[in-house]
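The number in the working numbering is simply the position in the sequence shown, starting from 1, with 228 added.
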Amino acid sequence: MEILHKSQWPIERLLPKEEILEDNTENTDKKTQPQSRLVEKTLRKRKLVFDEEHFQDAFLRCIICRDVYNDTNKAPKSLPCQHCFCLNCFLEMFRVEGEYRQSLTSAFRGMPRAVKIQCPTCRESIIASEDDLRRLPNQNSILELLKFVEQTGITDISYCSKHQLQPINFFCELCSVAVCSDCTVLDHKEINGHNVMSIDEALKKYTPVINDSIEDMEMQKQKYREKRLQILQRMEDVNKMEKRVSAEIKEAFQSFRNAIIERERNITSMAEQEASRKRTHLSENLRQITEKEEDMTERIKILNAAKVEKDIPYMFSMYSAVQDSLNDNIELPHRMDDGFDLSFHYKTEKLDTVTWDLKEFGFLTIESS
């Protein structure tokens, strides 16, 4: 049978299997070998397909608007002449006819209640109102066909790209691939070991296998889920351990920093105390040396005055007194030799040791579970 259209689908989905193909054995060439007759019969049977779009155009579409019928605004309504159109087209015909009648005379102040509706196919007429059109009987056979198409999923057909876009209705077990009728007699011959069955048979045979596989996959998926939750729990534990260990490390080093700060404060205080003691000694020495300097300045002034006045007796008496003071050593209450600053020097003799110990201060133990 010649292929009608690219969107063909098997007529066996509409008709009983025994009505699909009648084997006309009387026209069979008696000289043809049995195997050739079997192949030809199989080919004819598997090529018996139906044009889906032609079927829709002929039975499921309104011939006026070309839309597919439905059970609401596009419901198939039958006229007394038995011709069928959709409700929406009937209502549009009513509106157009009413507006035309209004344009002919001013006697109509509104849309007429009933107008003449003429069948586009046979031209038979009826007088009907809008309510009459809505009450026209539905074509139930069309509605049943619509339900059939919806339930069988005829519009969801896969087609073979290799053989003129024929529908894929068979399954080859050997190759584990869905094929069309041409594939079964050209590329997937049963005589070559290809076990070909219909899609329905394949579904019936392999659905339990697939269900078992799905159950196994669900079990494996559950194991994956348990393992994933376990990993997430471990990640949460690691985060908690990290926070705890970080807090312990910060606490330990903060104690070390506190000890360093305390030591720094103590040494600084000792240095400040020593500096204060040194300043006190120096202040006392400064006071006494300043007094002696002022006394010497006063004597020089007196001696110069006696020299100007040429008071020889006073000059010699002052000279004798000055000589005695010049022969005196400069005595200060506190020592001021080169060793003055030796007691005021900071030594870092343990710095290297402390620095090394600091590098080794604390350690992290890692235990594997």
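Glycine is no exception: its CB is placed at the ideal position from the N, C-alpha and C atoms.
Out of the options, point me to the one whose CA is closest to residue i's CA.
i	options	result
residue 189	546, 488 and 371	No statement about residue 189 is possible, as the shown extent of the chain runs from 229 to 597 and does not include it.
residue 473	590, 355 and 321	590
residue 386	400, 408 and 365	408
residue 398	411, 520 and 390	411
residue 593	302, 483, 476 and 405	476
residue 357	329, 322 and 330	322
residue 530	513, 518, 514 and 550	550
residue 377	512, 287 and 330	287
residue 433	466, 497, 361 and 401	401
residue 362	328, 302, 395 and 413	302
residue 367	324, 325, 331 and 290	290
residue 310	328, 364, 479 and 394	364
residue 284	375, 413, 395 and 360	375
residue 574	454, 431 and 499	499
residue 576	502, 532, 513 and 492	492
In the DSSP assignment, what residue or residues form a beta bridge with residue i?
i	result
residue 398	407 and 426
residue 366	305
residue 354	345
residue 313	305
residue 387	395
residue 289	296
Go to residue i, then tell me how far its alpha helix (DSSP H) extends in each direction, as first and last residue.
i	result
residue 587	579-587
Less than 8 Å between the CB atoms is what I'm expecting for residue i and residue j, so what's the real figure, rounded?
i	j	result
residue 524	residue 534	Not a contact, Cβ separation roughly 16 Å.
residue 599	residue 314	Residue 599 lies beyond the residue range present for the chain, which begins at 229 and ends at 597; the question has no answer from this structure.
residue 345	residue 318	7 Å
residue 406	residue 427	7 Å
residue 403	residue 416	6 Å
residue 343	residue 320	Actually they are not in contact, since the Cβ atoms of residue 343 and residue 320 sit about 12 Å apart, beyond 8 Å.
>> Across the segment 294-306 and the segment 342-351, are there enough close Cβ pairs to call them in contact, namely three or more that are closer than 8 Å?
In response: no
> Counting pairs of beta carbons, one from the segment 420-431 and one from the segment 444-454, are three or more of them closer than 8 Å?
Replying inline: no
>> With three or more beta-carbon pairs closer than 8 Å as the criterion, would you say the segment 364-379 touches the segment 291-302?
In response: yes
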